[in-house]
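To keep things clear, I will list the structure first and then write my remarks on it.
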Amino acid sequence: MKKVEAIIRSSKFEAVKNDLSKIGINFFTFFEVKGYGRQLAEHVVYRGAEYDIGYIARLKIELIVEDQNVKRISDTIRHAAQTGEIGDGKIIISAIEEIVSIRTGSINESAL
Amino acid sequence: MKKVEAIIRSSKFEAVKNDLSKIGINFFTFFEVKGYGRQLAEHVVYRGAEYDIGYIARLKIELIVEDQNVKRISDTIRHAAQTGEIGDGKIIISAIEEIVSIRTGSINESAL
Amino acid sequence: MKKVEAIIRSSKFEAVKNDLSKIGINFFTFFEVKGYGRQLAEHVVYRGAEYDIGYIARLKIELIVEDQNVKRISDTIRHAAQTGEIGDGKIIISAIEEIVSIRTGSINESAL
Amino acid sequence: MTEIPFVTNNLWVLIAAMMVFIMHLGFATLEAGLVQQKNTVNILFKNVMILCIGLLTYYAVGFNLMYPGSDYTGGFLGFSGFGLTLPEGVAGLQDYADGKYSYYTDFIFQAMFAATCASIVSGAVAERIKLMPFLLFVTLFVMICYPVTGMWKWGGGWLNTLGFVDFAGSTLVHSVGGWGALAAIILLGARKGKYTEKGVRPIPGHNMPLATIGAFLLWFGWFGFNGGSVLSADPGAVSLVFVTTCLGAAAGALTTFVVSYLKFKSLDHSMVLNGLLGGLVGITAGADGFTPGSAIIVGAIAGAIIPFSVVFFDKLKLDDPVGATSVHLACGVWGTLAVGIFGTGKLIPQLIGVVAIGAFTFIFAYVVLLIIKKTVGLRVSEEMEIKGLDLTEHEMSAYQNIERGNYALMVSE
Amino acid sequence: MTEIPFVTNNLWVLIAAMMVFIMHLGFATLEAGLVQQKNTVNILFKNVMILCIGLLTYYAVGFNLMYPGSDYTGGFLGFSGFGLTLPEGVAGLQDYADGKYSYYTDFIFQAMFAATCASIVSGAVAERIKLMPFLLFVTLFVMICYPVTGMWKWGGGWLNTLGFVDFAGSTLVHSVGGWGALAAIILLGARKGKYTEKGVRPIPGHNMPLATIGAFLLWFGWFGFNGGSVLSADPGAVSLVFVTTCLGAAAGALTTFVVSYLKFKSLDHSMVLNGLLGGLVGITAGADGFTPGSAIIVGAIAGAIIPFSVVFFDKLKLDDPVGATSVHLACGVWGTLAVGIFGTGKLIPQLIGVVAIGAFTFIFAYVVLLIIKKTVGLRVSEEMEIKGLDLTEHEMSAYQNIERGNYALMVSE
Amino acid sequence: MTEIPFVTNNLWVLIAAMMVFIMHLGFATLEAGLVQQKNTVNILFKNVMILCIGLLTYYAVGFNLMYPGSDYTGGFLGFSGFGLTLPEGVAGLQDYADGKYSYYTDFIFQAMFAATCASIVSGAVAERIKLMPFLLFVTLFVMICYPVTGMWKWGGGWLNTLGFVDFAGSTLVHSVGGWGALAAIILLGARKGKYTEKGVRPIPGHNMPLATIGAFLLWFGWFGFNGGSVLSADPGAVSLVFVTTCLGAAAGALTTFVVSYLKFKSLDHSMVLNGLLGGLVGITAGADGFTPGSAIIVGAIAGAIIPFSVVFFDKLKLDDPVGATSVHLACGVWGTLAVGIFGTGKLIPQLIGVVAIGAFTFIFAYVVLLIIKKTVGLRVSEEMEIKGLDLTEHEMSAYQNIERGNYALMVSE
Ligand SMILES: Nc1ncnc2c1ncn2[C@@H]1O[C@H](COP(=O)(O)OP(=O)(O)O)[C@@H](O)[C@H]1O
Ligand SMILES: Nc1ncnc2c1ncn2[C@@H]1O[C@H](COP(=O)(O)OP(=O)(O)O)[C@@H](O)[C@H]1O
Ligand SMILES: Nc1ncnc2c1ncn2[C@@H]1O[C@H](COP(=O)(O)OP(=O)(O)O)[C@@H](O)[C@H]1O
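Chain order of the listed sequences is C, W, V, E, U and R.
Numbered per our numbering, the first sequence finishes at 783, counting up by one with no gaps.
Numbered per our numbering, the second sequence finishes at 783, counting up by one with no gaps.
Numbered per our numbering, the third sequence finishes at 783, counting up by one with no gaps.
Numbered per our numbering, the fourth sequence finishes at 638, counting up by one with no gaps.
Numbered per our numbering, the fifth sequence finishes at 638, counting up by one with no gaps.
Numbered per our numbering, the sixth sequence finishes at 638, counting up by one with no gaps.
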């Protein structure tokens, strides 16, 4: 089992979700994160003084998948989330040892 | 050292926390996440038009534990978080290479 | 490639960010988490009844780095984030299999 | 002093009605601020409906039940017919109330009062009562219960004859709301998780700015509530009422601040807002009769009562999220008795009034709510309570984008 | 009744002006509450500027365009010069309006009205219109369009001669704003994501307490809007207006509640707030002429119109985030016609007024906006819309620390 | 014009008092909106206590220090005893102020003013001052400092004799608050992190809707602040004051908008709110004397001052989270001088008044605060500042469930 983590633009969330759904992936967990990277945070003026807001808003999607699906999922996310502009984000793949379904207690493939 | 991640119903947080405490686990990190899975998001009506709110609210708990404790912790979480209804969530176990205590600099077992 | 996760006091975020920048690390993802550990949550009184607020607020920083940089980064974070008081947090290091840049499609080192 | 022109008197009472109106926004925001986020829309919705139902039922029935006319002087109950019937010509104008206000002015001022007592109940029962049964109760409460006891005094009934004094309604409005609230929270039970084996577990309000807006708007409206209750623009009387009302409120907030600091070592903002309101409720029965000095004493005592009362109700496991019973019931009773102590000097009629109106209101509310409880049910399911009433009753969230983003729409590139 | 003293009449109209002023905060908060969080500062900013620009342009041009004086009685257009020129001595005081109010009182009361119709537009076009072009449009709308049609009736123009009745402006203010809003949303197009292949996708408002504050403050201000339109402190007339206004609003909220519950099985708070406002708009044209009973019927029908109207505009893909077209246009038209049905009995002049003012306003707004669209552009870029206007137009966030913390500053050790 | 009846005059001054009351909610919400979320409860708490303490100390001491009576005409200091002593009979009514208002009306109107100057200070010192020492300072400031300089002019003191003009308090109220604020922020120092080596680092306010509500409510209250300062219902005077006040505010907002757009290329909402308030402060000294045209100029200049002043104070590293020094001090001085330029034509007395009152107030505040600083301390610990005053002084959070959920209670199944 692998864990796929993707840091994406929130504006691409809908596209990623739809494209994953098309390849049969209908589950993941996501949350709001803040990014700091090549893309610089916006510079704004407040009461006459300039400052940058310190980060850019991003969404992180996490999903556990069977090994054989990793490539397809990673590609799907990449295509859906890409704009080609700096700031598109990353996909990170790592191994997990076990996933357990809290409801059924079954593990790994059958836990999905 | 292992990392145990659990995606649970927020209504079960208190139970999980208490049961972990009973087996001597008094530390973890948690945050709010949004889930998308078998359990469907609620359909609601706003100004005469229906829509679904897109996700269900969940809590994610993360804790780093010694290898020999993984099973006990995983079971404890599962029992505390289970309702048997769709949407109970998952427990994910993976290996980590090192945990460092920022305060003391000590690593692994002694960092906990 | 490794993943470095650090749970730090939000008051140390600025210092960590600056020190990482000094050693050439200008990218990471971060988000707010809640901690439960040795440091106890604050006890407060509301309308005459005491309660504790249940957790302490922390920030979690995640960054993917090349293997050879792990030690330096971990040390940098630790020094920047340390106060010596209980509640300083942890740094967790784990292996990842792959990181993909959504923008370019390049992987691992070249994805950073 | 020369006689005050009818038009000036009337204008002031109309303006006062407008001010009492804004108290409904005060209640709505105070209560919304002191409940949990997940029940915010629900409490706002209720407060809107209470006002609307209150005005319509007072039009249909309440006004003529509360002011049935001279035929029922000294009586217990009277009714002069449904709806409004404008006395023709000057009979509905100067002659209607001795050159003080017109028929419609009388109605609108009184109607604005009526709904306030139901708003008091809504705060106490927040976060767990079913919407429709609640609205049913409110309808009956404003339509029947409030006007009946109101008639006993302001409608010229038996308590008036007895010499009971309640200038602007410490008892007739506030404690009536408070007794209704008490009956309701007894029957409803506490919110899940409030009283645990380990003791009281506070459930903090979710928006202190909102609660503060509420308390200030209530004070603002009280200028009309008390000032308008002079029922004329009499400069001496109205200005005295303004002074006693404000000093009472100020003293109430100050003693709550001091007492709760000494008692709990905490500068609890929600408590101080309650103290301010307690001061206002306390001064209301005798605002036209106290000296400024007495007003400070009466308000100060009301403020001192608040922290003890809040803890007392919690000890009894009577769960009141906004402190309505402490503010309106405890301080309402205190204010009414204070008239006997600092004002008229006659405590007995005050006691009789407090007890009689309290008993009638409590029993009325208890019986009506018990019937509702036994039939359609009073309390939402545990699941609804956990999820919150906003999502389960209204299918919406008070702060949509803040907590549950619509991700495709709420993006940052 | 003896004559009402000039000073009392004048005082009431001044107080009414003050009350109409607070409606601007009502609009600001209502609209802010019903848009997405990311466009909150923008809508607040607009509402501040609308009021300020409205007052200044009404001073410069509008007042003398709307009230050009008796030379233009029965006419279509008149103008009596720029700025304010106080008639000397009693001519600007008692004699100015037959002992009812002074010249400056007249101006300030009317000026407060003027800007409200632009606020109505701002809600409908929220979340996607460019700020500067919008302000340009508002300036022309308040400076020219509103005063011209206003003159037709209140300025003594041809509609007045014709017997058209619009007491406080269901048509002259509310439907004028509504027609402007309609023209604007046709030209602007819907917010991205609102109408999908799968149907209407709601974009919920981000702050229901704020929206509720807005609705209550609008009602509060309406005491001045309608009550002040009596243009004297006449006790009978003002008190009747208070009663009809409040009963209309209450009935409106109640029927919206019932109808939308039956229609959608939902207790939609935002809809009920619209219903309450619809009741107010509906009652406005005939608030001085209806009986309380008719007021309830007129308000109730207005409230019943709301859910249907909201769905209707959505069917046409005319995207109105706050329901301004339903509240101000649909109910404004209804209220004006209702005067012909329940009040004067003359429907024809009402129809002529509605159509004439509607046509002029719609065409004026459409042409001005079309020119703006073809030149500087009317709509923000898609990127700005996605990011939100707060960040892109104002470089700030409505709730700074809640959503985007300044981490070094907003820490918890 | 015939004489205005006592009762009407009195009624207007009472209503004006009510309006000035609501300015306290205006200050509370404006300041709360412009500070960081973590200090919200603290600033709300302070504003509640300022009002309550202000009313009580003005009752106890202030009123008789500010209006010691004719014995002290032309003097520097006078005191006519503690508390309120109602002159008997008509002496406290018609005769009290030549048929304008009663004794108690006078008190309550003046008392509402008194606390406003302390509210001005509270905004400037927000986010870092200790609560108890602050309240101590406020007590002395409202009890002694404000009444003493107030007596110099309004109490018939030496500045009045000199021909100094300050209609409703650009100097006596606003710049007094501003000078107090200036002394305080000099002694307190800036918020941690505001001034870095790299320059000014803004600390944005956390809730723009709240700040907007505040600004509108302040304007709303200003109808009473300025309109009531006519001290009678004189139709010509009050209506002129309404017009100049509103045009001044509108012009202020507009020029701030334009200037800050040209200067910073930003449409800063918080700045425009400051501009609006600057316009109001600027117009206050001469609201009864300016023509509408001059009012626009005076307000416009005030609005243009704001962006420069905000930047100026930041250059001096005088940290003022809400812009109180710019709004109340800079524009207060400007407005007072403007009377000499556009109104009376006599600039010298205006200058003397500005300097004398400024010097006394600044020194008073500086000395009192310095003593407090050297004894009990003025500033919270760095740890408290970082954690926020809500949690450390009040043990609560302004928005409980939004940011720090009680997880067992705030669940979504
Ligand atoms: N090495 C990394 N570790 C963790 N997160 C990263 C890393 N690099 C980038 N990110 C995340 O991805 C986001 C986008 O990265 P950025 O460098 O701006 O653009 P791009 O991905 O197009 O090169 C960052 O804001 C950050 O959240
Ligand atoms: N493969 C997965 N990867 C990541 N998160 C998952 C995965 N499957 C489920 N989840 C998370 O668990 C939650 C519950 O899953 P769901 O399929 O609804 O019910 P159940 O766990 O009972 O089968 C989801 O909302 C999602 O947050
Ligand atoms: N084993 C763990 N797994 C996950 N998070 C942990 C673990 N131990 C500590 N933490 C996180 O680190 C924070 C600080 O830990 P704490 O025990 O209070 O102090 P210290 O790190 O100084 O020993 C906790 O609040 C929690 O968020």
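For every residue, glycine included, the Cβ atom is placed at its ideal position computed from N, Cα and C.
Notebook entry, point to check: Under 8 Å, do F482 (chain U) and G500 (chain U) count as touching if we go by C-beta distance?
Noted result: Against the fifth sequence, residue 482 (chain U) aligns to sequence position 257. Against the fifth sequence, residue 500 (chain U) aligns to sequence position 275. A contact, by the Cβ cut-off of 8 Å.
Next item on the list: Return the bridge partner residues of F482 (chain U) from the DSSP annotation.
Entry: Against the fifth sequence, residue 482 (chain U) aligns to sequence position 257. Partner(s): none; F482 (chain U) has no beta bridge.
Check: Are three or more beta carbon pairs between the region 471–490 of chain U and the region 266–276 of chain E nearer than 8 Å?
Finding: yes
Next item on the list: On the DSSP bridge assignment, give the partners of I770 (chain C) in chain order.
Entry: Here residue 770 (chain C) refers to the residue found at position 99 of the first sequence. Its beta-bridge partners are W:I763.
Next item on the list: Under 8 Å by Cβ, that's how I've got I732 (chain C) and F701 (chain C) pegged, so tell me the actual separation to the nearest angstrom.
Entry: Looking up residue 732 (chain C) in the first sequence gives position 61. Looking up residue 701 (chain C) in the first sequence gives position 30. With a Cβ gap of about 5 Å, I732 (chain C) and F701 (chain C) count as contacting.
Check: Could you give the distance in angstroms between the alpha-carbon of D544 (chain E) and the alpha-carbon of C471 (chain E)?
Finding: As a working note, residue 544 (chain E) is residue 319 in the fourth sequence. As a working note, residue 471 (chain E) is residue 246 in the fourth sequence. About 30 Å.
Next item on the list: Note down, in chain order, each residue of its chain lying with its Cβ closer than 8 Å to the Cβ of L443 (chain U), except the 5 sequence neighbours on either side.
Entry: Translated into the one-based positions of the fifth sequence, residue 443 (chain U) becomes position 218. Only M248, G251, F252, L255, L502, L505 meet the Cβ criterion.
Notebook entry, point to check: Should Y283 (chain U) be counted as a contact of ligand 1 given a C-beta to heavy atom distance under 7 Å?
Noted result: Locating residue 283 (chain U) in the fifth sequence gives position 58, where the first residue counts as 1. No, since every heavy atom of ligand 1 falls outside the 7 Å radius drawn around the Cβ of Y283 (chain U).
Note to self: Given the structure, does Y624 (chain U) come close to ligand 1, in the sense that its CB is under 7 Å from one of the ligand's heavy atoms?
What the structure shows: For this step, residue 624 (chain U) is matched to residue 399 along the fifth sequence. No - ligand 1 has no heavy atom lying nearer than 7 Å to the Cβ of Y624 (chain U).
Next item on the list: Could you check what DSSP says for D746 (chain V) in three-state terms: helix, strand or coil?
Entry: Start at 1 with the first residue of the third sequence, and residue 746 (chain V) comes out as number 75. If DSSP states are grouped into helix, strand and coil, D746 (chain V) belongs with the helices.
Next item on the list: Can you check the region 237–267 of chain E for any beta strand (DSSP E) of at least 3 residues that lies completely inside it and give the ranges in chain order?
Entry: none
Notebook entry, point to check: Tell me, which residues are paired with Y722 (chain V) by DSSP?
Noted result: Here residue 722 (chain V) refers to the residue found at position 51 when the third sequence is read from its first residue. The partner list for Y722 (chain V) (beta bridge, DSSP) reads V:V715.
Next item on the list: Give the DSSP bridge partners of A677 (chain C), in chain order.
Entry: Within the first sequence, the letter at position 6 stands for residue 677 (chain C). A677 (chain C) pairs with C:I732, C:I762.
Next item on the list: Please classify Q619 (chain W): is it buried, with 16 or more other beta-carbons within 10 angstroms of its beta-carbon, or exposed?
Entry: Outside the shown range of chain W, which is 672 to 783, sits residue 619 (chain W), and nothing can be said about it.
Item checked: Cα-Cα separation between A316 (chain E) and D331 (chain E), rounded to whole angstroms -> The residue labelled residue 316 (chain E) in the question sits at position 91 within the fourth sequence. The residue labelled residue 331 (chain E) in the question sits at position 106 within the fourth sequence. Rounded to the nearest angstrom, the two C-alpha atoms are 13 Å apart.
Check: Taking 7 Å as the line, does the beta carbon of I764 (chain C) fall inside it for any heavy atom of ligand 4?
Finding: Although ligand 4 was asked about, the structure shown includes only ligand 1, ligand 2 and ligand 3 as ligands.
Checklist line | Where the beta strand (DSSP E) through T700 (chain W) begins and ends | finding: If you number the second sequence from 1, residue 700 (chain W) lands on position 29. Here the beta strand (DSSP E) through T700 (chain W) covers 699–707.
Margin query: So the candidates are R:V390, R:A257, R:S327; which of them puts its Cα closest to the Cα of A242 (chain R)?
Written below: Numbered from its first residue, the sixth sequence carries residue 242 (chain R) at position 17. Here the closest residue by C-alpha is R:S327.
Notebook entry, point to check: Should S745 (chain V) be counted as a contact of ligand 3 given a C-beta to heavy atom distance under 7 Å?
Noted result: Your numbering for residue 745 (chain V) matches position 74 in the third sequence. False, no ligand heavy atom lies under 7 Å from that Cβ.
Note to self: Using C-beta distances below 7 Å, list every residue in its chain close to L365 (chain E), excluding the 5 sequence neighbours before and after it, in chain order.
What the structure shows: Sequence index remark: in the fourth sequence, residue 365 (chain E) carries index 140 (1-based). If we look at L365 (chain E) and ignore the five residues flanking it on each side, its Cβ neighbours are V593.
Item checked: Classification of K742 (chain V) by the beta-carbon crowding that lies within 10 angstroms, buried from 16 upward -> Within the third sequence, residue 742 (chain V) is the residue found at index 71, counting from 1. With fewer than 16 Cβ atoms within 10 Å of its Cβ, K742 (chain V) is classed as exposed.
Item checked: Inter-residue CB distance, T310 (chain U) and H399 (chain U) (contact presumed, cutoff 8 Å) -> Stepping through the fifth sequence from its first residue, residue 310 (chain U) is reached at position 85. Stepping through the fifth sequence from its first residue, residue 399 (chain U) is reached at position 174. The Cβ separation is near 30 Å, so there is no contact.
Check: Can the beta-carbon of L413 (chain E) be found less than 8 Å from the beta-carbon of L603 (chain E)?
Finding: Taking the fourth sequence and counting its residues from 1, one reaches residue 413 (chain E) at position 188. Taking the fourth sequence and counting its residues from 1, one reaches residue 603 (chain E) at position 378. Yes, the pair counts as a contact, with Cβ atoms nearer than the cut-off.
Next item on the list: Taking the CB atoms as reference points, tell me whether S395 (chain R) and G287 (chain R) lie closer together than 8 Å.
Entry: Position 170 of the sixth sequence, counting from 1, holds the residue named residue 395 (chain R). Position 62 of the sixth sequence, counting from 1, holds the residue named residue 287 (chain R). Taking 8 Å as the Cβ cut-off, S395 (chain R) and G287 (chain R) do not qualify as a contacting pair.
Checklist line | Neighbourhood of L269 (chain R) by C-beta, 6 Å cutoff - its chain only, sequence neighbours within 5 removed | finding: Here the question's residue 269 (chain R) lines up with position 44 in the sixth sequence. These residues qualify, in order along the chain: A253, A257.
Check: Would you say the beta carbon of E703 (chain C) comes nearer than 7 Å to a heavy atom of ligand 2?
Finding: Looking up residue 703 (chain C) in the first sequence gives position 32. Checking the Cβ of E703 (chain C) against ligand 2 gives no.
Next item on the list: Assuming V367 (chain E) and I278 (chain E) form a contact by the criterion Cβ under 8 Å, report the distance between their Cβ atoms to the nearest whole angstrom.
Entry: Indexing the fourth sequence from 1 puts residue 367 (chain E) at position 142. Indexing the fourth sequence from 1 puts residue 278 (chain E) at position 53. Indeed, because the Cβ distance is near 7 Å, the residues count as touching under 8 Å.
Next item on the list: Taking only beta carbons into account, state which residues of the region 578–591 of chain U come closer than 8 Å to chain R, listed in chain order.
Entry: none
Check: Would you say V715 (chain W) and I727 (chain W) are within 8 Å of each other, going by their C-beta atoms?
Finding: Counting from one through the second sequence, the residue named residue 715 (chain W) turns up at place 44. Counting from one through the second sequence, the residue named residue 727 (chain W) turns up at place 56. Their beta carbons are not under 8 Å apart, which means V715 (chain W) does not touch I727 (chain W) by this criterion.
Notebook entry, point to check: Quick one: is K705 (chain V) near chain W, going by C-beta distance under 8 Å?
Noted result: Counting from 1 along the third sequence, the entry for residue 705 (chain V) is found at position 34. It does; some Cβ of chain W falls within 8 Å.
Notebook entry, point to check: Got a sec? Which residues, its chain only, sit under 7 Å from G595 (chain E) by beta carbon, not counting five neighbours each side?
Noted result: Walking along the fourth sequence from the start, residue 595 (chain E) turns up at place 370. One point to set straight first is that residue 595 (chain E) is Leu, not Gly, in the sequence displayed. Contacts found: L412.
Next item on the list: Compare the C-beta of R755 (chain W) against all C-beta atoms of chain C and say whether one is closer than 8 Å.
Entry: The residue given as residue 755 (chain W) occupies position 84 in the second sequence. Going by the sequence as given, residue 755 (chain W) is Gly instead of Arg. It does; some Cβ of chain C falls within 8 Å.
Next item on the list: Give the residues of chain W in contact with I611 (chain E), contact being defined as C-beta atoms less than 8 Å apart.
Entry: Taking the first residue of the fourth sequence as 1, we reach residue 611 (chain E) at position 386. Near I611 (chain E) (Cβ distances below 8 Å), the residues of chain W are S682.
Notebook entry, point to check: Can you give the beta carbon distance from V547 (chain R) to G348 (chain R), rounded, assuming they're within the 8 Å contact cut?
Noted result: Start at 1 with the first residue of the sixth sequence, and residue 547 (chain R) comes out as number 322. Start at 1 with the first residue of the sixth sequence, and residue 348 (chain R) comes out as number 123. V547 (chain R) to G348 (chain R), Cβ: 4 Å. Contact.
Check: In chain E, what lies closer than 9 Å to T233 (chain U) by C-beta?
Finding: Reading the fifth sequence from its first residue, position 8 is the one you call residue 233 (chain U). Ordered by position in chain E, the residues that pass the 9 Å Cβ test against T233 (chain U) are P230, V232, T233, L236.
Checklist line | According to DSSP, residues forming a beta bridge with T421 (chain R) | finding: Against the sixth sequence, residue 421 (chain R) aligns to sequence position 196. Answer is R:G424.
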